[in-house]
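A quick write-up on the structure given underneath.
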Amino acid sequence: MKNLLLLLTITLTLSCCKKDDDQSENPIDQLPPATQTGEQTFGCLINGEAFVPPSFGSNSPSAFYQFVDGAYTLSIYGSISGGPNLKSINIGCLDMPLIQETNYTLRERITNNYFGNYNIGGGITYSGSSSTEYPGTLVITNFDPDNFIISGTFEFTVLDSDGGEINITNGRFDMNYTN
């Protein structure tokens, strides 16, 4: 009886353990699926490593699209951790026309431009370059103002303080936005 109890305990313990190889080693497989139903997902690769904020909680992705002073402002944001360990991506546009399901070029963060920013802890922000050498792309694949859903893909490159490239690729989001 004692051996049977020991065997049962070991079997239950092993069956409850999650193997490390249950999660794909391919970073692209770690990204959320590209949906268009307001699943509250956001993810991309940063220099080939998966960046996926949690769907709920203080680091959950957020989006807003608001009409203020005669123009629209868009922000799509995802972050991981906080303080000195913060990593975040912000895509948006200030004082923009009505958004459409189309491709937008990401450049620097100024009025009437779509932009992509990568932030890390300590207040360091890397912005998309305004030169034609490093423009990014934002593709709005679903914009549903009746249900407040915005979905799409993105990619852009920013330069770090030493001039090295930080490549944000395979980005995707599917979120409910606030108005």
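Numbering-wise (our numbering), the sequence shown opens with residue 1120 and increments by one. The beta-carbon is built from N, C-alpha and C at its ideal position, and this holds for glycine as well.
Measuring straight from C-alpha to C-alpha, what distance separates GLY1290 and PHE1161? Within the sequence shown, the letter at position 171 stands for residue 1290. Within the sequence shown, the letter at position 42 stands for residue 1161. Approximately 8 Å, taken between the alpha carbons.
- Task: Could you tell me which residues DSSP pairs with GLN1185 in its beta bridges?
- Result: If you number the sequence shown from 1, residue 1185 lands on position 66. Answer is THR1192.
query = What's the call for THR1276, buried or exposed, on a 16-neighbour Cβ count within 10 Å?
reply = Along the sequence shown, read from residue 1 onward, the residue named residue 1276 stands at position 157. THR1276 comes out buried.
With PHE1183 and SER1194 assumed to form a contact (beta carbons below 8 Å), what rounded beta-carbon distance in angstroms separates them? Locating residue 1183 in the sequence shown gives position 64, where the first residue counts as 1. Locating residue 1194 in the sequence shown gives position 75, where the first residue counts as 1. Right, their Cβ atoms sit about 5 Å apart.
Q) Taking the C-alpha atoms as reference points, what is the distance between PRO1172 and THR1260? A) Counting from one through the sequence shown, the residue named residue 1172 turns up at place 53. Counting from one through the sequence shown, the residue named residue 1260 turns up at place 141. Near 21 Å, if we compare the C-alpha coordinates of THR1260 and PRO1172.
Between which two residues does the beta strand (DSSP E) carrying ALA1169 extend? Here residue 1169 corresponds to residue number 50 of the sequence shown, with the count starting at 1. It spans 1168 to 1170 - the beta strand (DSSP E) in which ALA1169 sits, taken as one unbroken run.
For PHE1292, count the other beta carbons within 10 Å of its own beta carbon; 16 or more makes it buried, fewer makes it exposed. Which is it?
Position 173 of the sequence shown, counted from the start, is the residue given in the question as residue 1292. By the 10 Å Cβ count, PHE1292 comes out buried.
What's the gap between the Cα of ASP1214 and the Cα of THR1230? For the purposes of this step, residue 1214 is identified with residue 95 of the sequence shown, where counting begins at 1. For the purposes of this step, residue 1230 is identified with residue 111 of the sequence shown, where counting begins at 1. Distance between the alpha carbons of ASP1214 and THR1230: 6 Å.
request  = Please work out which residues of its chain come closer than 7 Å, Cβ to Cβ, to PRO1146, disregarding the five sequence neighbours upstream and downstream, and give them in chain order.
outcome  = Taking the sequence shown and counting its residues from 1, one reaches residue 1146 at position 27. Same-chain partners within the cutoff: LEU1164, GLY1167, GLU1168 and ALA1169.
Practice prompt. Using alpha carbons as the reference points, say which of GLY1197, ARG1228 and GLU1227 lies closest to ILE1239.
Written response: Here residue 1239 refers to the residue found at position 120 of the sequence shown. Ranking the options by Cα distance to ILE1239, first place goes to GLY1197.
Considering only DSSP beta bridges, list what SER1270 is partnered with. Numbered from 1 along the sequence shown, position 151 holds the residue referred to as residue 1270. BP columns for SER1270 point to ASN1261 and ASP1293.
Check: How would you label ASN1266, buried or exposed, when you count the other beta carbons within 10 angstroms and need 16 or more for buried?
Finding: Translated into the one-based positions of the sequence shown, residue 1266 becomes position 147. ASN1266 comes out exposed.
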